[in-house]
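So the protein sequences, as listed, match chains R and P. Residue 1 is where the first sequence starts when you use the working numbering, and the numbers rise one by one after that. Residue 1 is where the second sequence starts when you use the working numbering, and the numbers rise one by one after that. Positions of the beta carbon are idealized from the N, C-alpha and C atoms, including for glycine. Please read these numbers as outputs of a predicted model, since none were measured by experiment. Working notes, beginning with the structure itself.
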Amino acid sequence: MANMSLTKNPMPSQDPNVRNKNFEEVALGYTEAQALDEAQRCLNCKNKPCMTGCPVMVHIPEFIAEVAKGDFEAAYQIISNTSALPAVCGRVCPQESQCEKYCVRGKKGDPVGIGRLERFVADWHNAHSTAAPEKPASNGHKVAVVGSGPSGLTCAGDLARKGYDVTVFEALHLAGGVLVYGIPEFRLPKSIVQKEVDGLKALGVTIATDTVIGRTVSIDELQDEMGFEAVFIGSGAGLPMFMDIPGVNYKGVLSANEFLTRINLMKAYLPDSDTPIIHPKKVAVVGGGNVAMDAARCAKRLGAEVYVVYRRGMEELPARKEEVEHAEEEGIIFKTLNNPVEILADEDDNVSKIRCIKMELGEPDASGRRRPIEVAGSEFDLDVDCVIMALGTSPNPLIKSTTKGLEINKKGGIVVNEDGLTSRENVYAGGDAVTGAATVILAMGAGKTAAKAIDEVLSKK
Amino acid sequence: MYRIVRKEALRPTVTLYEIEAPLIAKKAQPGQFIILRVDEHGERIPITINNYDPEKGTVTIIVQTVGATTEKLKHLNEGDCLQDFVGPLGKATETEGKKKVCVVGGGVGCAIAYPVLKKFHDDGAEVHAVVGFKNKDLVILEDDFRKSSDILKICTDDGSYGQKGLVTDALKELIDAGNQYDEVFAIGPMIMMKFVSKTTEPYGIPTTVSMSPIMVDGTGMCGGCRLSVGGEMKFACVDGPDFDGHKVDWDLAVKRNQMYRDFEMHKHEETCNLFKKEAE
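Here is the structure:
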């Protein structure tokens, strides 16, 4: 008999006033008993609407049925058939707009905690399983993957399982892309990313770090000299945007990418790290997306008083609701309906204030969101010693500028067809490099699509 | 991991390292840089390439010991490995089509000025060089410079070697002696490049500087290295490092480079103490 409780088993988590002073994971994960209980809430629907919301088509009711039986390893095997990064997705996917959005139980009460169960299963496997994955026999075909973020790792994993000889090229010194430099430890422990990467290595994937495609090696060299029969570009959207306002280059103004890279990749908050980070007293984080929440919560953990300055209202914040709630619980102050117009500094060019103007919402614009309009004469100053710009990112132009014949759209994204094929023969692309900044799971879906298309072409050779 | 195949102390605080990095050696051009990380706790620092040997598969860098990371580097020996070594990064210096140039190098910047100077020379330009050092003990690469330049002026701040005074004085003398340069190329401390640019500006001589702002990734993803050039925001790691010296907002660039000064001084001291303890 199914568990007919209308509410999800709550996620055990660190107390807000404790966690806002450390970088340890906020959500602690289900216990076995909680997972068993939550799994009983799944009705095992025949038409499986939840699966239609999952970009990598995890066989959700099947794995949950195994959890309900207590066979967690069997559940893991079902998930890993279609997902290369279950411990990551269970943590960072916006399930409320994907799998859980379509869950029948969500029509009346909470949907099944699919993400929490996926996370439980993956963590259980990582803690208990000792069996190394079997390395498939080589099929003799070589594929290069550019970028080791979610799309690249997924594409590499899918191809490696089919016997392809895959090399992933990564510009930074660690694999994982946004999973290692962007998403903070308290949402996604880096040891988990490392484990998923190690899993791919065990499948035979080579990870070449410190290799900047477009500089160290070009796409043409990968194809012509190094013998890669197909290339997948998953280089992401890492180019940060800054506001075009006076004072944007003062000391203490930085992009969220820089702030988060120093913290997450370089571990600048730890005393044994050689990488410096500013320890501000009062910070304004400009923007309202998940990256803004991550930056704000990191700044809080460095001991600052933190404002999130966003030009629309609380309802319009593009960040996940859960992230906004976590930020509020941790003491982040939301200054919504405000837009920065100038950054001011002391005589030594250190940031001293951010000048904002109040906004009100007008008619919906082309994007369907209500357009913010400045309230004349409403400028005011916030005393801050640091401003973090989290306004979004666009695709890095390096590959575009060094690869002839690669078609790019107006926003800098690589143009692809439904298979992920670019305008260049045997060159595929996916993830943020194509769409501009989006989600981890969409990038994984794109990696999967391209892997399938690459396999269809190369397996006929 | 990237092996140090040769280490040579050029001066007490200036060291040459030849690093095994075949892919970078194959691609490197004068004016480009690498990013290195000494060990797993290490920071990423940019160092401009001094030389490269595609056949041997090595890249040479010359580093002055100024802080924690360069101190750590100094304690590595031939055969030891660097954790990370990435590149070549940035755009190569444009050296083509110049008939007469003056290359100005300051301090360890001369290590970087040299490959650019040599390229100008090999491309057939008449090359004048002005190199400046604090004192005689810091003079490096004199023979290399002498071989590839038509006129070489060595300056020291204290007059202990060559001409006493600043590189800007020597440069001005050359200009006032009637030398018409197609370009002045300057590389060294920001403050030196600023004053070289100020010196050439009244004469209208095109001046290129190789900027050295603080960097993290070196691939254009963070904007830590941004500069204001001609009123536009530029990322030195991808748009540069070379820029028009007459368009750079120097005061801002100089101040931005001091952002982490307290941390850096503290970290350097800490690292030195650590090595001292180990030695005891």
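9 Å Cβ cut-off: residues of chain P touching residue i
| i | result |
| --- | --- |
| R:N396 | T219, G220, M221 and V238 |
| R:D385 | Near R:D385 there are no residues of chain P at all, since even the closest Cβ is about 12 Å away, more than 9 Å. |
| R:G238 | D217, T219, G220, M221 and C222 |
Amino acids of chain R, ordered along the chain, whose beta-carbon sits closer than 8 Å to that of residue i
| i | result |
| --- | --- |
| P:K267 | D274 and P276 |
Pairwise C-alpha distance: residue j and residue i
| i | j | result |
| --- | --- | --- |
| R:L337 | R:R312 | 5 Å |
| R:D210 | R:A171 | 5 Å |
| R:N139 | P:K98 | 53 Å |
| P:Q32 | R:I233 | 25 Å |
| P:R6 | R:G420 | 46 Å |
| R:L153 | P:V216 | 24 Å |
| R:D381 | R:G392 | 24 Å |
| R:D462 | R:R187 | This structure gives no information on residue 462 of chain R, because the portion of chain R shown stretches from 1 to 461. |
| R:R215 | R:G413 | 19 Å |
| R:A202 | R:E134 | 8 Å |
| R:D224 | R:S459 | 20 Å |
| P:K91 | R:P397 | 13 Å |
| R:R161 | R:I441 | 20 Å |
| P:E43 | R:V212 | 18 Å |
| R:A453 | P:S148 | 55 Å |
| R:F169 | P:Y52 | 23 Å |
| R:M241 | R:A390 | 8 Å |
| R:C103 | R:K48 | 8 Å |
| R:N409 | P:M1 | 38 Å |
| P:P88 | R:A65 | 52 Å |
| R:N257 | P:G165 | 43 Å |
Reference residue i, options the options, closest by Cα
| i | options | result |
| --- | --- | --- |
| R:A231 | R:E170, R:D198, R:V178 and R:Y428 | As written in the sequence, residue 231 of chain R is Val, which differs from the Ala given in the question. Of the candidates R:E170, R:D198, R:V178 and R:Y428, the one whose C-alpha sits nearest the C-alpha of R:V231 is R:Y428. |
| R:M11 | R:A33, R:M4, R:A2 and R:K21 | R:A33 |
| R:A304 | R:P340, R:G106, R:K282 and R:K321 | R:K282 |
| P:D251 | P:F195, P:F235 and P:V130 | P:F195 |
| P:G105 | P:A125, P:T93 and P:V130 | P:V130 |
| R:I207 | R:P184, R:G157 and R:L188 | R:G157 |
| R:I78 | R:M57, R:Q98 and R:V88 | R:M57 |
| P:A28 | P:I49, P:K119, P:L73 and P:E96 | P:I49 |
| R:N426 | R:G436, R:A438 and R:A451 | R:A451 |
| R:A295 | R:T402, R:G445 and R:E330 | R:E330 |
| R:R19 | R:K300, R:H125 and R:Q194 | R:K300 |
| R:Q40 | R:R355, R:I192, R:A68 and R:T449 | R:A68 |
| R:T31 | R:T402, R:E118, R:T82 and R:G53 | R:E118 |
| R:G109 | R:L270, R:I343 and R:N3 | R:N3 |
| R:D346 | P:M192, P:K255 and P:Q163 | P:K255 |
| R:A122 | R:V351, R:V341 and R:G29 | R:G29 |
| P:K267 | R:M266, R:K267, R:S273 and R:L265 | R:S273 |
Closer than 8 Å at the beta carbon, the chain P residues around residue i
| i | result |
| --- | --- |
| R:R301 | What R:R301 touches in chain P: nothing, since even the nearest Cβ is about 18 Å away. |
| R:G146 | Here residue 146 of chain R is Val; the residue named in the question, Gly, does not match the sequence. Within chain P, no residue comes near R:V146; the closest Cβ sits about 13 Å away, beyond 8 Å. |
| R:M266 | E43, R44 and V216 |
Residue i, buried or exposed, once every other Cβ within 10 Å from all chains shown has been counted against 16
| i | result |
| --- | --- |
| P:K277 | exposed |
| R:I373 | exposed |
| R:K335 | buried |
| R:G377 | exposed |
| P:I151 | exposed |
| P:F292 | Past the boundaries of the shown model lies residue 292 of chain P; chain P is included only from 1 to 280, so the question cannot be answered. |
| P:T15 | buried |
| P:R261 | exposed |
| P:Q180 | exposed |
| R:N44 | exposed |
| P:N135 | exposed |
| R:M444 | buried |
9 Å Cβ cut-off: residues of chain R touching residue i
| i | result |
| --- | --- |
| P:T69 | D274 |
Opposing strand residues paired with residue i [DSSP bridges]
| i | result |
| --- | --- |
| R:I454 | DSSP output for R:I454 lists no bridge partner at all. |
| P:H128 | P:C102 and P:I151 |
| R:V308 | R:V285 and R:F334 |
| P:Y17 | P:K7 and P:I61 |
| R:A429 | R:I233 |
| P:Q163 | P:C155 |
| R:M359 | R:E374 |
Closer than 9 Å at the beta carbon, the chain B residues around residue i
| i | result |
| --- | --- |
| P:F243 | The chain labelled as chain B is not found among the protein chains of the depicted structure, namely R and P. |
Partner residues on chain P for residue i, Cβ-Cβ distance less than 7 Å
| i | result |
| --- | --- |
| R:F228 | What R:F228 touches in chain P: nothing, since even the nearest Cβ is about 15 Å away. |
| R:R116 | Neighbours of R:R116 on chain P: none; closest Cβ ~32 Å, over 7 Å. |
Residues that residue i contacts on chain R, provided the C-beta gap is smaller than 7 Å
| i | result |
| --- | --- |
| P:P88 | R215 |
| P:S228 | N249 |
| P:I24 | T216 |
| P:F263 | P276 |
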